[in-house]
Amino acid sequence: MTDEATIARERIERLQSLAREAVKAGNEDRARSYVRRARRVAERHRLRLPRSFERSTCDACDTYLLHGHNARSRTQSGHVVITCDCGSQSRYPYD
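Sequential numbering of the sequence shown, starting at 622, is according to this note's numbering.
Below, the structure is given as structure tokens:
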């Protein structure tokens, strides 16, 4: 992995932690901008977003999902359904 890709991964991780802190503080617009910026960095460097980041963001509205705050999670047979406040749903198998 090149130095640029390593720096990009570190930046994505930092943006994820900033988005999590912003949602906890009640500043969802700032968290949304952090999510958009992290996705942009990943696109520019042709990197995949970490699984934890993909599963904690809404693809429809770019919100960082914090369970119990702006997201609802339910378990069904063999998978988890996460519903954002915007109404978008994501389904993931148990890990």
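No residue lacks a Cβ here, since even glycine has one placed at the ideal position from N, Cα and C.
Where residue i sits in the DSSP three-state scheme
i	result
Tyr715	coil
Arg693	strand
Thr684	coil
Alpha-carbon spacing of residue i relative to residue j, whole angstroms
i	j	result
Leu639	Asp683	14 angstroms
Arg635	Ser694	25 angstroms
Leu676	His688	The sequence shown places Arg at residue 676, not Leu. Near 11 angstroms, if we compare the C-alpha coordinates of His688 and Arg676.
Thr627	Thr678	22 angstroms
Ala629	Thr696	34 angstroms
Ser673	Val662	16 angstroms
Ser709	Ala643	21 angstroms
His690	Glu631	27 angstroms
One or two residues paired with residue i in a DSSP bridge
i	result
Gln710	Thr704
Extent of the continuous alpha helix (DSSP H) to which residue i belongs
i	result
Ala626	Asp624 to Lys645
Arg651	Glu649 to Arg665
Arg669	No alpha helix (DSSP H) contains Arg669, which DSSP labels as neither H nor E.
Inter-residue CB distance, residue i and residue j (contact presumed, cutoff 8 angstroms)
i	j	result
Gly699	Tyr685	That pair is no contact at about 26 angstroms.
Leu670	Arg660	7 angstroms
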